[in-house]
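Asker:
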Amino acid sequence: MTAITDALVIMKRQLLQLVRVPEVLIFSTIQPVMFVLLFRYVFGGSISSGQPGGYVQLLMPGIFVQTVAFTLAGTAVGLAADMQKGLIDRFRSLPISRGAVVFGRTLGDAALNVVVLGVMGFAGFVVGWRPSSGFVHIVFGFLFLLVFGFAMSWIGVIIGLSVREERVAQNLVFISVFPLTFLSNAFAPTTGMPKALQYFAEWNPVSTMVAACRELFGLKNEFGATAGSFPSSHPLVMSLIYMVLIMAVFMPISIRKYIKAANK
Amino acid sequence: MKSVIAENLVKTYNKGSVRALDGLSLEVEEGTVLGVLGPNGAGKTTTVRILATLLNPDSGHASVGGIDVLKSPSEVRKIIGLSGQYAAVDETLTGWDNLVMFGRLYHLNANAAKARAEELLEQFSLSESGKRPIRTYSGGMRRRLDLAASLIVKPKVLFLDEPTTGLDPRGRQEMWGVIDELVKGGVTILLTTQYLEEADQLADEIAVIDHGKVIARGTSDQLKLQVGGERLEIIVENQHLNATNEIVARISGSATSIDEGMRQVSAPVTTGSKALIEAARALDEAGIHPLDIGLKRPSLDDVFLSLTGHVAEEKKEEEPTDPREKRRRIKEAKKGAKK
Numbered sequence: 026m027t028a029i030t031d032a033l034v035i036m037k038r039q040l041l042q043l044v045r046v047p048e049v050l051i052f053s054t055i056q057p058v059m060f061v062l063l064f065r066y067v068f069g070g071s072i073s074s075g076q077p078g079g080y081v082q083l084l085m086p087g088i089f090v091q092t093v094a095f096t097l098a099g100t101a102v103g104l105a106a107d108m109q110k111g112l113i114d115r116f117r118s119l120p121i122s123r124g125a126v127v128f129g130r131t132l133g134d135a136a137l138n139v140v141v142l143g144v145m146g147f148a149g150f151v152v153g154w155r156p157s158s159g160f161v162h163i164v165f166g167f168l169f170l171l172v173f174g175f176a177m178s179w180i181g182v183i184i185g186l187s188v189r190e191e192r193v194a195q196n197l198v199f200i201s202v203f204p205l206t207f208l209s210n211a212f213a214p215t216t217g218m219p220k221a222l223q224y225f226a227e228w229n230p231v232s233t234m235v236a237a238c239r240e241l242f243g244l245k246n247e248f249g250a251t252a253g254s255f256p257s258s259h260p261l262v263m264s265l266i267y268m269v270l271i272m273a274v275f276m277p278i279s280i281r282k283y284i285k286a287a288n289k
Numbered sequence: 013m014k015s016v017i018a019e020n021l022v023k024t025y026n027k028g029s030v031r032a033l034d035g036l037s038l039e040v041e042e043g044t045v046l047g048v049l050g051p052n053g054a055g056k057t058t059t060v061r062i063l064a065t066l067l068n069p070d071s072g073h074a075s076v077g078g079i080d081v082l083k084s085p086s087e088v089r090k091i092i093g094l095s096g097q098y099a100a101v102d103e104t105l106t107g108w109d110n111l112v113m114f115g116r117l118y119h120l121n122a123n124a125a126k127a128r129a130e131e132l133l134e135q136f137s138l139s140e141s142g143k144r145p146i147r148t149y150s151g152g153m154r155r156r157l158d159l160a161a162s163l164i165v166k167p168k169v170l171f172l173d174e175p176t177t178g179l180d181p182r183g184r185q186e187m188w189g190v191i192d193e194l195v196k197g198g199v200t201i202l203l204t205t206q207y208l209e210e211a212d213q214l215a216d217e218i219a220v221i222d223h224g225k226v227i228a229r230g231t232s233d234q235l236k237l238q239v240g241g242e243r244l245e246i247i248v249e250n251q252h253l254n255a256t257n258e259i260v261a262r263i264s265g266s267a268t269s270i271d272e273g274m275r276q277v278s279a280p281v282t283t284g285s286k287a288l289i290e291a292a293r294a295l296d297e298a299g300i301h302p303l304d305i306g307l308k309r310p311s312l313d314d315v316f317l318s319l320t321g322h323v324a325e326e327k328k329e330e331e332p333t334d335p336r337e338k339r340r341r342i343k344e345a346k347k348g349a350k351k
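Each protein sequence line maps, in turn, to chains D and F.
In our numbering, each residue's number is its place in the first sequence (first place is 1) plus 25.
In our numbering, each residue's number is its place in the second sequence (first place is 1) plus 12.
(1) Among F:D70, F:S15 and F:I17, which residue has its Cα nearest to the Cα of K27 (chain F)?
(2) Measuring only the C-alpha atoms, how far is S318 (chain F) from V239 (chain F)?
(3) May I ask you to list the residues that DSSP assigns as paired with K23 (chain F)?
(4) Cutting at 7 Å between CB atoms, please list the residues of its own chain near I183 (chain D), excluding the five before and the five after it.
(5) Could you please give the first and the last residue of the uninterrupted alpha helix (DSSP H) stretch that includes G99 (chain D)?
(6) For V145 (chain D) versus P57 (chain D), is the C-beta spacing smaller than 7 Å?
(7) In the DSSP output, what is A75 (chain F) paired with across the bridge?
(8) Against chain F, which members of the region 117 to 147 of chain D pass a CB distance test of less than 7 Å?
(9) Taking the alpha carbon of P120 (chain D) as the point to measure from, which residue in F:D102, F:G115, F:T106 and F:T104 has its own alpha carbon closest?
(10) D173 (chain F) CB to nearest chain D CB: under 7 Å?
(11) Would L353 (chain F) count as contacting chain D if we go by Cβ distances under 7 Å?
(12) In this structure, does DSSP put E325 (chain F) in helix, strand or coil?
(13) With a floor of 4 residues, list each alpha helix (DSSP H) that falls wholly inside the region 112 to 188 of chain F, ordered by position along the chain.
(14) Rounded to the nearest angstrom, how far is the Cβ of R229 (chain F) from that of I218 (chain F), given a contact under 8 Å?
(15) Mind pulling the chain F residues with CB within less than 8 Å of G99 (chain D)?
(16) Closest to T30 (chain D) by CA distance: which of F:V30, F:R128, F:T282 and F:Y118 is it?
(17) Give the DSSP-derived three-state secondary structure of A250 (chain D) in the structure shown.
(18) Please confirm if S86 (chain F) has its CB atom under 7 Å from at least one CB of chain D.
(19) Under the assumption that L241 (chain D) contacts F173 (chain D) (Cβ atoms under 8 Å), give the Cβ distance between them as a whole number of angstroms.
(20) Would you decide whether T282 (chain F) is buried or exposed? Buried here means 16 or more other CB atoms lie within 10 Å of its CB.
(21) In its own chain, which residues sit with a C-beta less than 6 Å from the C-beta of A250 (chain D), not counting the 5 before and 5 after it?
(22) Compare the C-alpha of S264 (chain D) against each of D:G153, D:W228, D:K220 and D:F64 and name the closest.
(23) How should F167 (chain D) be labelled, buried or exposed, when 16 other C-beta atoms within 10 angstroms of its C-beta is the threshold for buried?
(24) Quick check: what's the CA-CA separation for T256 (chain F) versus K308 (chain F)?
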């Protein structure tokens with residue numbers, strides 16, 4: 026029980042930071058909104074979507090997934106900064122449950138995603154995004170995105186606790202996640218890629234997530250299915266498997282890492 | 013009763029190539045302050061981190077408040093406070109936010125945590141700045157808040173790791189005042205410092221450590237005695253050096269030393285102020301007017317020098333490990349030389 030309240034106190038700290046330094050929230054929403062506008066108006070004309078409502082219908086799920094995938098950046102950088110400043114040491118010297126700090130952090134980042142997704146959804150709506158699946162499915166779609174962000178966040182915990190400096194965390198995340206989000210069906214059809222990359226894109230969790238979201242928001246998936254493989258024909262199931270896998274693997278490692286973090 | 017016991021702590025890094033602690037043992041009597049004194053890299057922080065349950069030693073035992081640090085770390089965490097160079101607060105939040113958060117993490121309920129935060133801000137003269145983010149605080153205020161955060165549940169044992177490193181003289185004085193108050197309140201404190209003056213001022217007992225071992229311990233006076241008693245020191249004009257030397261030699265009865273650069277003659281004396289008066293009189297009779305004359309008790313610097321054979325440098329610049337940084341510094345040094 027105290028484990029949960031401890032985690033909530035840590036999470037509250039993060040939300041309080043947003044109140045005290047509102048710039049953080051502003052900038053973490055500006056970037057995705059900028060992406061929505063850029064992709065919508067720069068590439069929107071040249072990528073044929075074959076969907077009613079145009080490219081923006083396909084684009085929005087892609088940008089949503091990219092944004093929540095980058096949740097791990099916030100987690101990693103935040104934890105690396107806490108480590109560097111000694112805050113983690115203080116937390117570890119307190120009589121709190123061992124997982125509280127990392128759980129609080131990942132929950133806080135998930136909470137931030139609620140706001141970011143809300144703002145992006147609104148921006149999307151303004152530039153023509155119209156999900157057609159009905160209220161329940163749309164809510165499911167957003168829940169799905171939040172859980173994916175939460176799962177990715179746990180990878181961020183390990184990165185944040187492993188590096189010596191926050192800048193290293195930032196670069197590490199950038200060079201690993203950026204290719205992952207582009208080697209997918211998020212922004213353009215995979216059919217134009219070299220064969221080997223197509224297979225990679227097919228199994229890329231980002232692709233299955235994007236495909237699953239498109240389904241949940243009422244679109245037919247035309248970008249994925251290059252080989253009719255399992256992930257492209259069952260994106261929702263495959264995404265769930267990925268999320269469970271990520272959490273099952275990274276949660277225990279992360280908590281272990283936290284407990285040992287400063288033991289060096 | 014001993015509140016803190018460390019026995020034969022060993023901690024190595026980089027697969028044993030660096031021995032941070034090399035069989036360190038120390039004890040702190042309940043209600044007293046132990047000053048752990050040593051230069052950078054002597055093992056001070058490692059010791060604190062082990063006692064505060066943040067780090068496991070390779071071997072050795074430690075207990076705090078009678079509780080085994082290795083066997084029941086979570087019990088130890090309930091009775092300790094940690095503050096200093098490596099324990100920190102959230103700089104984006106206000107002082108008040110931080111104290112309430114830490115109060116909640118010590119499992120106070122919301123109201124109790126708020127009340128305690130008010131109380132601590134008041135106690136540390138931070139009431140007015142409590143609503144400001146910590147990044148706007150001065151160094152001294154920040155350290156005081158950091159200390160306040162470690163006192164939320166009135167710990168039995170407090171670890172202060174270099175509490176005044178990096179503070180200006182005023183900030184240091186304020187911090188000393190605060191720590192003094194705590195001592196009067198009866199809390200047991202283990203304090204690390206590289207400032208000899210600080211250990212002298214705050215600690216009941218001092219443990220001098222170097223290369224991961226305690227090399228001497230005792231009260232400040234005991235340590236000074238260990239180095240030797242008082243010295244008579246006289247500074248005169250150059251032409252009087254020899255005459256003065258004869259006078260000092262007669263009064264002291266032991267070997268004198270002359271420092272021509274400093275124009276100083278000095279020698280150990282055992283008769284204290286009597287020797288001083290005798291010397292003043294003899295100089296006066298000889299028509300020599302000393303520029304300075306006095307008795308000097310050994311400082312803790314002298315203690316350190318005589319114990320370790322090297323000076324405890326307060327601002328020892330560490331050798332950079334990054335080769336690029338090394339090259340940069342060499343370049344800069346060359347540039348400086350040309351000018």
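Built from N, CA and C at the ideal position, the CB exists for glycine as well.
Answerer: Taking the definition as stated:
(1) For the purposes of this step, residue 27 (chain F) is identified with residue 15 of the second sequence, where counting begins at 1. Among F:D70, F:S15 and F:I17, the Cα nearest to that of K27 (chain F) is on F:D70.
(2) Start at 1 with the first residue of the second sequence, and residue 318 (chain F) comes out as number 306. Start at 1 with the first residue of the second sequence, and residue 239 (chain F) comes out as number 227. For S318 (chain F) and V239 (chain F), the distance between alpha carbons rounds to 7 Å.
(3) Position 11 of the second sequence, counting from 1, holds the residue named residue 23 (chain F). According to DSSP, which records beta bridges pairwise, K23 (chain F) is partnered with F:L33.
(4) Numbered from its first residue, the first sequence carries residue 183 (chain D) at position 158. Within the same chain, I183 (chain D) has close Cβ partners F275, I278, S279 and K282.
(5) As a first step, residue 99 (chain D) must be located in the first sequence, where it is residue number 74. First-last of the alpha helix (DSSP H) with G99 (chain D): T96 to K110.
(6) Here residue 145 (chain D) refers to the residue found at position 120 of the first sequence. Here residue 57 (chain D) refers to the residue found at position 32 of the first sequence. Reading off the sequence shown, one finds Met at residue 145 (chain D), where the question assumed Val. In contact: M145 (chain D) and P57 (chain D) (Cβ atoms closer than 7 Å).
(7) For this step, residue 75 (chain F) is matched to residue 63 along the second sequence. Contrary to the premise, residue 75 (chain F) reads as Ser rather than Ala in this sequence. According to DSSP, S75 (chain F) bridges with F:I17 and F:D80.
(8) R117, S118, L119, P120 and I121
(9) Translated into the one-based positions of the first sequence, residue 120 (chain D) becomes position 95. Comparing Cα-Cα distances from P120 (chain D) to each of F:D102, F:G115, F:T106 and F:T104, the minimum goes to F:G115.
(10) One-based indexing of the second sequence puts residue 173 (chain F) at position 161. Taking Cβ atoms only, chain D never reaches closer than 7 Å to D173 (chain F), which makes this a no.
(11) Residue 353 (chain F) falls outside the range modelled here, since chain F spans only 13 to 351, and no answer is possible.
(12) Numbered from 1 along the second sequence, position 313 holds the residue referred to as residue 325 (chain F). The pLDDT assigned to E325 (chain F) is 48, lower than 50, so where the model puts this residue is not dependable; a value taken from the coordinates is nonetheless given after this. Of the three classes helix, strand and coil, the one that applies to E325 (chain F) here is coil, per DSSP.
(13) 122 to 135 and 151 to 161
(14) Taking the second sequence and counting its residues from 1, one reaches residue 229 (chain F) at position 217. Taking the second sequence and counting its residues from 1, one reaches residue 218 (chain F) at position 206. The pair is a contact, with the Cβ atoms about 7 Å apart (cut-off 8 Å).
(15) Walking along the first sequence from the start, residue 99 (chain D) turns up at place 74. Here the premise fails: no neighbours, minimum Cβ distance about 14 Å.
(16) Residue numbering aside, residue 30 (chain D) sits at position 5 when the first sequence is read from its first letter. It is F:Y118 whose Cα lies nearest to the Cα of T30 (chain D).
(17) Taking the first residue of the first sequence as position 1, residue 250 (chain D) is located at position 225. Caution is warranted here: a pLDDT of 49 is assigned to A250 (chain D), below 50, making its placement in the model unreliable, and no coordinate value can be reported.
(18) Along the second sequence, read from residue 1 onward, the residue named residue 86 (chain F) stands at position 74. Yes, because at least one Cβ of chain D sits closer than 7 Å to the Cβ of S86 (chain F).
(19) As a first step, residue 241 (chain D) is located in the first sequence; it is residue number 216 there, counting from the start. As a first step, residue 173 (chain D) is located in the first sequence; it is residue number 148 there, counting from the start. With a Cβ gap of about 12 Å, L241 (chain D) and F173 (chain D) do not count as contacting.
(20) In the second sequence, the residue the question calls residue 282 (chain F) occupies position 270. Its Cβ having fewer than 16 others within 10 Å, T282 (chain F) is exposed.
(21) Taking the first sequence and counting its residues from 1, the one referred to as residue 250 (chain D) is at position 225. In this prediction, A250 (chain D) scores a pLDDT of 49, lower than 50, which makes its location untrustworthy; the coordinate-derived value is nonetheless stated afterwards. S257.
(22) As a first step, residue 264 (chain D) is located in the first sequence; it is residue number 239 there, counting from the start. Selected option, being the one with the closest Cα: D:W228.
(23) Position 142 of the first sequence, counting from 1, holds the residue named residue 167 (chain D). Buried.
(24) In the second sequence, counting from the first residue as 1, residue 256 (chain F) sits at position 244. In the second sequence, counting from the first residue as 1, residue 308 (chain F) sits at position 296. Their backbone Cα atoms lie some 17 Å apart in a straight line.
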